[in-house]
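Read left to right, the sequence shown gives residues 12 to 412 (the working numbering).
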Amino acid sequence: MQGLTAEVVIVGGGPAGLTAAVALAGAGVETALIAKGPPGPDHRTTALLEGSVKALATLGVWERCREHAAPMRVMRIIDDTERLLRAPETCFAAVEIGLDAFGYNIENRFLVAALGARARELAALRLIEGDADAVEIEEDRVTVRCIGGTAVSARLAIGADGPRSLCRAAADIDVDRRTYPQTALTCNLGHSRPHQDTSTEFHTKNGPFTLVPLPGQRSSLVFVVDPAEAPRLAALPDADMAAEIERRSHSILGKIDVEPGRGVFSLKVETARRFGARRLALIGEAAHVIPPIGAQGLNLSLRGAATIGELVVAAHRDGGDVGAAVLTNRYDHMRRADVTSRTLAVDLLNRSLLSDFLPLQGARGLGFFLMERFGPLRRAVMREGVTPMASQPRLMRGEEL
Ligand SMILES: Cc1cc2nc3c(=O)[nH]c(=O)nc-3n(C[C@H](O)[C@H](O)[C@H](O)COP(=O)(O)OP(=O)(O)OC[C@H]3O[C@@H](n4cnc5c(N)ncnc54)[C@H](O)[C@@H]3O)c2cc1C
């Protein structure tokens, strides 16, 4: 049995946990990160919006990501529902709001590798390969025990341990859940025509079919389908899958080559009733899961990591209790509006696609019509999408902790 102490212990070495670890240790907070061994391959990509890119640059991570990431300069939405009331095609250009790009798309494996490399450079960070199996929360400390006997005691624990969070259960935090009759298939593609730094989202009656640029003549695809159709599509041989993708994308990227590595995800919303309790804070998918629509999930998680980082570093510098922001609910208050507004927006957009209710389809069409016609409205929507008013932690503004 090995007993260790730190100021903060983080459970979970996905992108959210690694970002929090780098933010805290980079500012001199003694941090322990408990992460399971190398996970299975994650072939998904993440569209990192401008604030997330700034935060990663400030943390010394972005320079390792840049060569693997493709800019998203234009976002194009095409109504492919074949319904009576359809929305007009709408194009959002980053240059309209004074940006070079809305953000960058990167394969998760490169993002996690870059975060891991930065984490290994930080003297204040102790990386522990382990599988946490118990979290004991006391009045003045929290202890995380791993299979095999290692235990870490700290003033604060951060649960970044994904949707089936052990940390969340240990703090008795309930979750509100809703599932959608939708499955997302993911894969990466090569194609014969250039994407021109444009992300294209076809809105179908089963959900979006989204192509996001990767470096070179490559793109990632998130393809939302009816769960009854998913097993057949997921099992298609590469050549048949490529033909299906080319057909559904109306050949805008020309001839398609499907790369190895497909993912299948059921779509759901999960929101923890509290983002922190006692001496435990939740970030990433331990705190909230939203459908992969509009590239919000991990961007939201990075804002969570940046917020808890900011609060903990301030308390550490003042010589105070690094768990205070959780004990006083301050962390929960700072995250609630951002998570609720993103979840509602994604839910509304998704439901308006699935719904057969004509007035809702009409309202959706009208919304896109107005955005297409009126520049100020379109620009306000773009600004809110990239830089949410509800949350701009220091790291997202490019300021060090
Ligand atoms: C199809 C799809 C496409 C997406 N596209 C985007 C996008 O374009 N933009 C965007 O912003 N978001 C996107 N998302 C969301 C994004 O991928 C997730 O928000 C993100 O991966 C969550 O990161 P995380 O670190 O919270 O969780 P995870 O990556 O799940 O990490 C949790 C980690 O905790 C570890 N762990 C769990 N339990 C323990 C334990 N007991 N002990 C030790 N370790 C433990 C796990 O091994 C894992 O490494 C997408 C999601 C999906 C499904």
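C-beta: ideal position from N, C-alpha, C; glycine also. These numbers were taken from a predicted model, which means no experiment stands behind them.
Length at least 3, wholly inside the segment 198-246: the beta strand (DSSP E) runs in chain order
209-215, 218-225, 229-236
For residue 120, tell me which candidate among 382, 388, 128 has the shortest Cα-Cα distance.
128
What is the rounded straight-line gap between the Cα of residue 373 and the Cα of residue 97?
Using only the alpha carbons, I get a separation of about 8 Å.
Range of the contiguous beta strand (DSSP E) that encloses residue 312:
Unbroken run through residue 312 is the alpha helix (DSSP H), 308-328; no beta strand (DSSP E).
Straight-line Cα distance separating residue 197 from residue 274
5 Å
Given that a residue counts as buried once 16 or more other Cβ atoms are within 10 Å of its Cβ, and exposed if not, what is residue 185?
exposed
Boundaries (first-last residue) of the alpha helix (DSSP H) holding residue 252:
249-259
Apply the 10 Å Cβ neighbour rule to residue 407 and answer buried if 16 or more other Cβ atoms are within range, or exposed otherwise.
Using a 10 angstroms sphere on the CB of residue 407, the tally of other CB atoms reaches 16 or more, which defines it as buried.
Using the Cβ count rule (16 or more neighbours within 10 Å means buried), how would you classify residue 65?
buried
Could you give the DSSP three-state label for residue 137: helix, strand or coil?
strand
Using 7 Å as the cut-off, classify the Cβ of residue 108 as near or not near the heavy atoms of ligand 1, replying yes or no.
no
Check whether residue 72 and residue 19 have beta carbons under 8 Å apart:
no
Let me know if residue 206 comes out buried or exposed under the rule of 16 or more other beta-carbons within 10 Å of its beta-carbon.
When all chains shown are included, residue 206 counts as buried.
Can you find a heavy atom of ligand 1 that lies under 7 Å from the Cβ of residue 45?
yes
Taking 7 Å as the cut-off, is the CB of residue 310 close to at least one heavy atom of ligand 1?
It does: the Cβ of residue 310 is within 7 Å (strictly closer) of some heavy atom of ligand 1.
Which runs of the beta strand (DSSP E), 3 residues or longer, sit entirely within the segment 26-103?
42-46, 56-60, 81-83, 85-90
Quick one: what's got a C-beta closer than 7 Å to residue 319's C-beta in the same chain, skipping five residues either side?
31, 169, 292, 294, 342
Taking contact to mean at least 3 C-beta pairs separated by less than 8 Å, is the segment 176-185 in contact with the segment 278-293?
yes
Under a Cβ-count criterion, where at least 16 other Cβ atoms within 10 Å of its own Cβ denotes burial, should residue 385 be classed as buried or exposed?
exposed
Excluding the 5 residues preceding and the 5 following residue 338 in the sequence, name in chain order all residues of the same chain whose CB lies nearer than 8 Å to its CB.
Cβ neighbours of residue 338 beyond the five flanking positions: 289, 290, 332.
Does DSSP put residue 302 in a helix, in a strand, or in coil?
coil
Does the Cβ-Cβ distance between residue 297 and residue 188 come in under 8 Å?
For residue 297 and residue 188, no; Cβs fall outside 8 Å.
Would you say residue 5 touches ligand 1, meaning its beta carbon is less than 7 Å from a heavy atom?
The structure shown has nothing for residue 5, since the chain only spans 12 to 412.
Measuring from the CB of residue 165, is there a heavy atom of ligand 1 at a distance below 7 Å?
no
Beta-carbon within less than 6 Å of residue 210's beta-carbon, same chain only, minus the 5 sequence neighbours each way: which residues are those?
83, 86, 223
What are the partner residues of residue 281, as DSSP defines its beta bridges?
The partner list for residue 281 (beta bridge, DSSP) reads 188, 300.
Return the Cβ separation of residue 17 and residue 163 in integer angstroms, given the expectation that the two are a contact with Cβ distance under 8 Å.
6 Å
Expressed to the nearest angstrom, what Euclidean distance is found between the alpha-carbon atoms of residue 55 and residue 141?
24 Å
Does any heavy atom of ligand 3 sit closer than 7 Å to the C-beta of residue 82?
Absence of ligand 3 from the depicted structure is noted, with ligand 1 being the only ligands included.
Secondary structure at residue 372, three-state DSSP: helix, strand or coil?
helix
Using 10 angstroms around the beta-carbon of residue 410, count the other beta-carbons present and answer buried if the total reaches 16, otherwise exposed.
exposed
Straight-line CA distance for residue 266 to residue 252?
CA-CA distance, residue 266 to residue 252, rounds to 12 Å.
DSSP three-state label for residue 156, please.
strand
Beta carbon of residue 194 nearer than 8 Å to that of residue 312
no
Could you tell me which residues DSSP pairs with residue 115 in its beta bridges?
BP columns for residue 115 point to 59, 82.
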